[in-house]
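The next block holds one structure in the form of C-alpha cells; read it before the comments.
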Amino acid sequence: MKVTLFATCIVDMFQSDVGIATVEVLERLGCEIVFPTGQVCCGQPAYNSGYVEDAKKAMKKMIATFEDAEVIVTPSGSCATMFKEYQHVFKDDPVWRPRAERLAEKTYELTEFIVDVLKVEDVGAKLDGIATYHPSCHMTRLLGVKDAPMKLLSHVEGLEMQPLPNAQNCCGFGGTFAVKMGNISEQMVDEKVDSVSETKASYLIGADGGCLMNIGGRMQRRDKPVKVMHIAEVLNSR
Amino acid sequence: MAMKIGNEKFKDNVNKQMEDTFMRGAVAGAQERLRTRRLDAAEELGNWEEWRSHGEEIRQHTLDNLDYYLQELSENLQKRGGHVFFAATAEEANDYVKGIVKEKRAKKILKAKSMVTEEIGLNDVLQQEGCDVIETDLGEYILQLDEHDPPSHIVTPALHKNKEQIKDVFTEKLEYKLTSKPEELALHAREKLREEFLQADIGITGCNFAIAESGSVGLVTNEGNAGMVSDLPDTQICVMGMERIVPTFEEFEVLVGLLTRSAVGQKLTSYITALTGPRTAEEVDGPSEFHLVIVDNGRSGILGTEFQSVLQCIRCAACINVCPVYRHIGGHSYNSIYPGPIGAVLTPLLGGYDDFKELPYASTLCGACTDACPVKIPLHTLLHQHRQVIVEREGRAPISEKLAMKAFGLGASSNQLYAAGSKMANSVMKPFTKDETISKGPGPLKAWTEIRDFPAPNKERFRDWFKQHDKERDDA
Chain A
645 MKVTLFATCI VDMFQSDVGI ATVEVLERLG CEIVFPTGQV CCGQPAYNSG
695 YVEDAKKAMK KMIATFEDAE VIVTPSGSCA TMFKEYQHVF KDDPVWRPRA
745 ERLAEKTYEL TEFIVDVLKV EDVGAKLDGI ATYHPSCHMT RLLGVKDAPM
795 KLLSHVEGLE MQPLPNAQNC CGFGGTFAVK MGNISEQMVD EKVDSVSETK
845 ASYLIGADGG CLMNIGGRMQ RRDKPVKVMH IAEVLNSR
Chain W
122 MAMKIGNEKF KDNVNKQMED TFMRGAVAGA QERLRTRRLD AAEELGNWEE
172 WRSHGEEIRQ HTLDNLDYYL QELSENLQKR GGHVFFAATA EEANDYVKGI
222 VKEKRAKKIL KAKSMVTEEI GLNDVLQQEG CDVIETDLGE YILQLDEHDP
272 PSHIVTPALH KNKEQIKDVF TEKLEYKLTS KPEELALHAR EKLREEFLQA
322 DIGITGCNFA IAESGSVGLV TNEGNAGMVS DLPDTQICVM GMERIVPTFE
372 EFEVLVGLLT RSAVGQKLTS YITALTGPRT AEEVDGPSEF HLVIVDNGRS
422 GILGTEFQSV LQCIRCAACI NVCPVYRHIG GHSYNSIYPG PIGAVLTPLL
472 GGYDDFKELP YASTLCGACT DACPVKIPLH TLLHQHRQVI VEREGRAPIS
522 EKLAMKAFGL GASSNQLYAA GSKMANSVMK PFTKDETISK GPGPLKAWTE
572 IRDFPAPNKE RFRDWFKQHD KERDDA
C-alpha cells in the first residue's frame with residue numbers, strides 16, 4: 645500500500661529517529677512510503693493559542709500538500725487530530741471545507757493505521773524490559789485511539805507492560821501552555837514523572853512527540869533513569 | 122462576596138494556592154473518589170453515551186425555546202399563587218429580595234445551597250440590611266462560620282478544608298468541645314441549625330431545575346436542609362438562573378439522574394424536592410408566600426452566540442473533578458465562585474475579560490472535561506473559542522506573541538522559510554547545547570528550560586534522511 649507520511653515538525657526537527665522508525669516499520673509491513681517535501685507544521689501551536697487566521701495559512705499549505713495522497717499516516721495522535729479539525733475550521737468556506745473533509749477521511753495515526761487498516765497486531769518487534777505507556781490526551785479522547793497502541797505493545801517480545809497510575813491525567817504539555825503557565829505545567833509533569841517512577845519501568849512509551857518531549861525533558865532534569873521511547877521506535881526494535 | 126472572590130492576579134493566586142499542600146492532597150483525593158464513583162454509576166446505569174446525548178438534547182431544546190418555557194413556568198406558578206420576578210441584573214434580583222425582607226420586617230433568613238445567590242452577592246446585601254443570614258448546607262455553613270471563606274467547588278464548597286480545620290472553626294465560633302470526628306461535627310452543626318430553622322422569618326433556596334409544566338422548583342440535596350428551609354419559614358424565596366429549567370417532569374427525571382450520578386456517583390440523592398407555590402388551604406405545612414426570582418445577569422447575552430452551549434450546564438462539577446489543572450491549583454485560584462473548566466468558560470462570559478482573561482488559558486485543552494460532561498458541553502472547544510475571541514476579536518494578546526504567531530504563519534506556509542529555518546536550527550542552538558541537550562534556552566525557550574531540558578535540534582533533519590533513503594531505495 646502506498647502511504648504518504650506526515651512526519652510532523654517535531655519529528656522532522658527534533659526526533660528524526662522516530663521518523664526513521666516509522667518508515668522502517670511501515671516498509672517492513674509492505675507499505676511504500678512517500679514524503680511530500682512541502683509539508684510544514686499542522687498549525688496547532690498558533691491554532692490552540694487562538695491565532696486561527698495565522699494558523700489557517702499552515703492548514704491550507706498542508707491540505708494542498710497532501711491532496712493527492714491515498715492514505716496519510718502520522719506518528720502523532722495530536723497532529724492527526726489537528727488534520728481532522730481542519731474541516732471544522734473551514735466549515736463556512738465552500739472551497740476549503742470539502743478539501744479539508746477529504747484530508748480528514750484519509751488521515752490515520754500510526755498505531756491506528758497498523759491495527760485497523762493493515763490488520764496487524766504483531767509487527768515482530770522484540771524489546772527486553774519493563775515499560776509503561778502514557779496515553780496522550782488528544783489521541784485517546786479527541787481522536788478516540790485507545791486500544792491500538794496497547795494491542796501492538798502486548799505483542800512485543802520480551803516487553804512487560806506495567807499500568808501507569810493516573811494515566812488519564814494530562815502530562816502538562818498543552819503546547820504553549822507549557823511555557824505560558826509554566827508553574828502549573830511543572831506540577832502536572834512532576835506528578836506524571838512520579839507516576840512513571842512508581843511503576844519501576846525502564847521505558848516510558850508514548851505515541852506523541854510533544855508529550856514525550858515534556859515528560860522526557862523533566863525526567864532528564866530530575867535525573868530519572870527511564871528511557872523515553874516513541875511507540876514507533878519500540879515497534880522497530882528487533 | 123459576588124462572583125469575583127478576590128483582587129489578586131491569577132498568577133499570584135495560583136502560586137499561593139499551589140503552596141497549600143493540604144488543599145492539593147484533599148483535591149487529588151476527592152478527584153479520585155468522585156471520578157471512580159461517577160464511572161461506576163454510569164456503568165451501572167448502562168448506555169451512558171445515549172443518556173448523555175439525551176441530556177444534551179433536552180438542554181439544547183430548552184435553551185432554544187427558553188422564552189416559551191419561562192413564560193409557561195411563570196404562568197403556572199402564578200396560577201398556584203406564587204409571585205414571579207424576572208431580574209435582568211444582580212442588582213435587580215437583590216433589590217427585589219430586599220423589598221420582601223423589608224416588607225416582612227424579617228430578621229433571620231435561612232438559606233439552602235445556591236450558586237446563583239453567591240453569584241449575585243445576595244448574602245452581603247441582606248446582611249447590610251441588618252439581617253442574620255445563615256447558610257444551612259453543611260459545607261456552606263462551615264465556610265460562612267470561617268469568616269466567609271469562599272467556596273472552592275460548586276458541589277462540595279468546603280473541599281479545601283479538612284476535619285481538623287473544621288473542628289477549629291466550630292470550637293472558635295460554636296463553643297464546640299468534642300473531637301474532629303465527622304459524625305460529632307455534623308451532629309453539632311445539626312443541633313445548632315435546628316434552633317435556627319425554628320426562628321427563621323424567610324427561607325431562601327436555589328433551584329436545580331424548574332419544571333415549566335407545573336410551575337415547580339426542583340431541588341436536589343443530600344442533607345435535607347433545603348426541605349427545612351422551604352417548609353418552616355412563612356415566606357419562601359427561590360432564586361434561579363434563567364436557564365435552569367426543564368419542560369416537564371419527564372425531562373426532570375432524566376437530568377436529575379445525570380446530575381446525581383455525575384456529581385457524586387449516586388443513583389439518587391437522599392432528597393429530591395419539588396416545590397410548587399405557597400401552601401394551599403388543604404395543606405398543613407409550607408410557606409404562606411412564595412416568590413421565584415429568575416436571574417438573567419448576563420445569561421441572555423450568551424444565548425445565540427458561539428458560547429450558548431455553556432448554558433446547558435447542570436452544575437454537577439464532573440468537569441472540575443477530572444480537570445488536571447484544577448487538581449493542582451484548587452478552586453480559589455480561579456478568583457471566581459465558578460472554578461475549573463466550567464468556571465473558566467462561564468466566568469469570563471458573566472464577568473468580562475478585564476478580570477478573567479487568563480482563565481481560558483488555564484487548560485492544556487486535554488479534553489477530560491468534555492469527556493466527563495453529562496450533557497456534552499464541548500468545554501475544551503469553548504476554552505479555545507475564548508482564546509480566539511481574546512486574540513482576534515478583542516486584540517488583547519501581548520504584542521510579542523502576536524509577532525511570533527505572524528512569523529509562524531509565514532514560516533509554516535512557505536517551503537523556503539521553513540526549510541531554511543529548520544536547517545539552521547541546529548547551528549543556531551549550538552551555543553546553548555551540551556550533550557544534545559539544551560538546559561538553559563534563550564527567548565521563548567527560557568520558560569521551557571526553567572523546569573525541563575529541551576532536545577537539541579537534529580543535525581540531520583528527518584527530511585534529509587528520507588531524501589537519502591529514497592535515493593538508496595531507487596538505486597537498489
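Residue numbers (the numbering used here), protein chains in the order written: chain A, 645 to 882; chain W, 122 to 597. Using N, Cα and C, we set each Cβ at its ideal position, and we do this for glycine too. Source: prediction; values computed, not measured.
1. Measuring CB atoms only, is the stretch 317-329 of chain W touching the stretch 350-367 of chain W, in the sense that at least three cross pairs come out at less than 8 angstroms?
2. Assign A321 of chain W to buried or exposed, taking buried as 16 or more other Cβ atoms, counted over all protein chains shown, within 10 Å of its Cβ.
3. Nearest to D476 of chain W by CA position, among W:T485, W:A489, W:G488 and W:S454, is which residue?
4. Can you give me the C-alpha to C-alpha distance between C686 of chain A and K288 of chain W, rounded to a whole angstrom?
5. Identify the residues that DSSP records as bridge partners of H412 of chain W: which are they?
6. Whole angstroms are fine: how far does the CA of C440 of chain W sit from the CA of R173 of chain W?
7. Looking at the unbroken alpha helix (DSSP H) that takes in Y262 of chain W, where does it start and where does it end?
8. Between the stretch 701-731 of chain A and chain W, which residues of the former have CB atoms less than 8 angstroms from a CB of the latter, in chain order?
9. From W:I323, W:I241 and W:A208, pick the residue whose C-alpha is nearest to that of D352 of chain W; which is it?
10. What are the boundary residues of the beta strand (DSSP E) that T326 of chain W is part of?
11. Comparing the C-beta of A651 of chain A with each C-beta of chain W, is any distance below 7 angstroms?
12. Pick helix, strand or coil for G850 of chain A, following the three-state DSSP scheme.
13. In three-state DSSP terms, what is H874 of chain A?
14. From the DSSP output, in three-state form, read off I366 of chain W for me.
15. Is any beta-carbon of chain W found at less than 7 angstroms from that of E830 of chain A?
16. Evaluate contact between the stretch 867-877 of chain A and the stretch 658-670 of chain A, counting only Cβ atoms and requiring at least three cross-stretch pairs below 8 angstroms.
17. K125 of chain W by DSSP, collapsed to three states: which one?
18. Mind pulling the chain A residues with CB within less than 7 angstroms of Q509 of chain W?
19. At what residues does the alpha helix (DSSP H) containing Y730 of chain A begin and finish?
20. For a test of the three-state rule: what should DSSP assign to Q509 of chain W, helix, strand or coil?
21. Against chain A, which members of the stretch 466-497 of chain W pass a CB distance test of less than 9 angstroms?
22. Should I716 of chain A and R743 of chain A be called a contact, given that it needs their Cβ atoms to be closer than 7 angstroms?
23. On the three-state DSSP scale, how would you describe S337 of chain W?
24. What does M657 of chain A touch in chain W if you count any residue whose Cβ is under 7 angstroms from its own?
25. So is I559 of chain W in contact with chain A if we call contact Cβ pairs under 7 angstroms?
26. Measure the C-alpha to C-alpha separation of E140 of chain W and Y847 of chain A and round it to an integer number of angstroms.
27. Closest to Q248 of chain W by CA distance: which of W:D258, W:A465, W:V237 and W:K223 is it?
28. Touching or not, the stretch 774-781 of chain A and the stretch 746-759 of chain A, by the rule of three or more beta carbon pairs under 8 angstroms?
29. Return the bridge partner residues of K555 of chain W from the DSSP annotation.
30. Any beta carbon of chain A sitting closer than 7 angstroms to that of R311 of chain W?
31. Does the stretch 157-167 of chain W touch the stretch 403-423 of chain W, meaning 3 or more C-beta pairs lie closer than 8 angstroms?
32. Applying the criterion that 16 or more other CB atoms from any shown protein chain within 10 Å of the CB defines a buried residue, is E515 of chain W buried or exposed?
So, from the data block:
1. yes
2. For the purposes of this step, residue 321 of chain W is taken as residue 200 along the second sequence, with counting starting at 1. With 16 or more Cβ atoms within 10 Å of its Cβ, A321 of chain W is classed as buried.
3. Taking the first residue of the second sequence as 1, we reach residue 476 of chain W at position 355. Residue W:S454 is the option with its Cα nearest to D476 of chain W.
4. As a working note, residue 686 of chain A is residue 42 in the first sequence. As a working note, residue 288 of chain W is residue 167 in the second sequence. Cα to Cα, the separation comes out at about 55 angstroms.
5. On the second sequence, position 291 is the one that residue 412 of chain W refers to. In DSSP, H412 of chain W forms a bridge with W:H204 and W:I358.
6. Translated into positions along the second sequence, residue 173 of chain W becomes position 52. Translated into positions along the second sequence, residue 440 of chain W becomes position 319. Each residue's alpha carbon lies about 14 angstroms from the other.
7. By one-based count along the second sequence, residue 262 of chain W stands at place 141. Start and end: L259 to L266.
8. K701, A702, K704 and K705
9. Taking the second sequence and counting its residues from 1, one reaches residue 352 of chain W at position 231. Selected option, being the one with the closest Cα: W:I323.
10. Here residue 326 of chain W refers to the residue found at position 205 of the second sequence. Counting along the chain, the beta strand (DSSP E) containing T326 of chain W begins and ends at I323 to T326.
11. In the first sequence, the residue the question calls residue 651 of chain A occupies position 7. For A651 of chain A, the answer is yes, since a Cβ of chain W falls inside 7 angstroms of its Cβ.
12. Translated into the one-based positions of the first sequence, residue 850 of chain A becomes position 206. The answer is strand: DSSP assigns G850 of chain A an E or B state.
13. The sequence position of residue 874 of chain A within the first sequence is 230, counting from 1. In this structure, H874 of chain A counts as strand in the three-state DSSP scheme.
14. Taking the second sequence and counting its residues from 1, one reaches residue 366 of chain W at position 245. I366 of chain W falls in the strand class under three-state DSSP.
15. For the purposes of this step, residue 830 of chain A is taken as the residue at position 186 of the first sequence. It does; some Cβ of chain W falls within 7 angstroms.
16. yes
17. Position 4 of the second sequence, counting from 1, holds the residue named residue 125 of chain W. Of the three classes helix, strand and coil, the one that applies to K125 of chain W here is strand, per DSSP.
18. Sequence index remark: in the second sequence, residue 509 of chain W carries index 388 (1-based). What Q509 of chain W touches in chain A: G694 and V696.
19. In the first sequence, residue 730 of chain A corresponds to position 86, counting from 1. Per DSSP, Y730 of chain A belongs to the alpha helix (DSSP H) from G721 to V733.
20. Residue 509 of chain W sits at position 388 when you count from the first residue of the second sequence. Residue state, collapsed to three classes: helix.
21. E479, P481, Y482, A483, S484, T485, L486, C487, G488, A489, T491 and D492
22. As a position in the first sequence, residue 716 of chain A is number 72, starting the count at 1. As a position in the first sequence, residue 743 of chain A is number 99, starting the count at 1. Against a cut-off of 7 angstroms, the Cβ pair of R743 of chain A and I716 of chain A comes out as no contact.
23. Numbered from 1 along the second sequence, position 216 holds the residue referred to as residue 337 of chain W. Strand.
24. Here residue 657 of chain A corresponds to residue number 13 of the first sequence, with the count starting at 1. Correct list: S543, A546, P578, N579 and R582.
25. In the second sequence, residue 559 of chain W corresponds to position 438, counting from 1. I559 of chain W does not count as touching chain A.
26. Counted from its first residue, the second sequence places residue 140 of chain W at position 19. Counted from its first residue, the first sequence places residue 847 of chain A at position 203. Cα to Cα, E140 of chain W sits roughly 31 angstroms from Y847 of chain A.
27. Translated into positions along the second sequence, residue 248 of chain W becomes position 127. Minimum Cα distance to Q248 of chain W is reached at W:K223.
28. no
29. In the second sequence, counting from the first residue as 1, residue 555 of chain W sits at position 434. In DSSP, K555 of chain W forms a bridge with W:T558.
30. Position 190 of the second sequence, counted from the start, is the residue given in the question as residue 311 of chain W. For R311 of chain W, the answer is no, since every Cβ of chain A falls outside 7 angstroms of its Cβ.
31. no
32. Mapped onto the second sequence, residue 515 of chain W falls at position 394. So E515 of chain W counts as exposed.
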